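Presented below is the structure to which this report refers.
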Amino acid sequence: MLTGPMGCGKTTIGKLLANRLGWRFADGDDFHPPANIAKMKAGLPLGDEDRYPWLHILHAAIEKAVSDNDNLILACSALKQEYRKLLGINQQSVISVYLQGSPELLRERIETRTHLYMDKGLLESQLNTLEEPTSGLIVSIADSPEAIVDSIIYSISA
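Given below as structure tokens:
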């Protein structure tokens, strides 16, 4: 699972990583219910009451992938430790890769991209909610996407 706030490259890295490994990629954003999408389009941050139903949907997808022995790379912000726990991240059957970047770099990246519904102003609320993980793989986003993917593959293969 690739985690981190908006702008860290979860989708870009996830697609590249899935392509290199021959695994399946899924973007957590694609699982949001319409109410969450409408809220984010309006620039309103999601609260726990918005995130929990979405996280339960993602947890079910993860559980199915694990039970089917399906190699899945899932991109999901998973901003809090309790969210990561709910998703089943255990660093054994479900490992996490936290894409870590400075607020300045994240702001720079979201200024140059478009997203179907994530208002650029939501970064601040995500950073305020973020509890940086202390377990799993932590990778700087300062390098190129290809170098980041190389680093992840090297680390998970070791």
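Every position in the sequence shown, counted from 1, becomes a number in our numbering once 1434 is added. From the three backbone atoms N, C-alpha and C, an ideal C-beta is built for every residue, glycine too. Predicted model only: the values in this text are computed from it and were never measured.
Query                                                                                                                                                     : Result
Should the segment 1529–1536 be called in touch with the segment 1565–1576, which here means at least 3 C-beta pairs below 8 Å?                           : yes
Tell me the DSSP bridge mates of TYR1517?                                                                                                                 : Bridge partners of TYR1517: none, in fact.
Tell me, to the nearest whole angstrom, how far the beta carbon of LEU1436 is from that of ILE1447; I am working on the premise that it is less than 8 Å. : 6 Å
When you compare only the Cα positions, how much space is there between GLU1483 and ASN1453?                                                              : 34 Å
Threshold first: 3 residues or longer. Then list the beta strand (DSSP E) segments lying entirely within the segment 1437–1516, N to C.                   : 1458–1461, 1506–1509
Is the beta carbon of ARG1518 sitting closer than 7 Å to the one on ALA1512?                                                                              : yes
What is the residue span of the alpha helix (DSSP H) that ILE1572 lies within?                                                                            : No alpha helix (DSSP H) holds ILE1572; the beta strand (DSSP E) holding it covers 1571–1574.
Where does GLN1525 sit, in a helix, a strand or coil, going by DSSP?                                                                                      : coil
Using DSSP's beta-bridge definition, name the partner residues of VAL1531.                                                                                : LEU1436, LEU1571
Could you spell out where the alpha helix (DSSP H) holding THR1563 opens and where it closes?                                                             : 1556–1563
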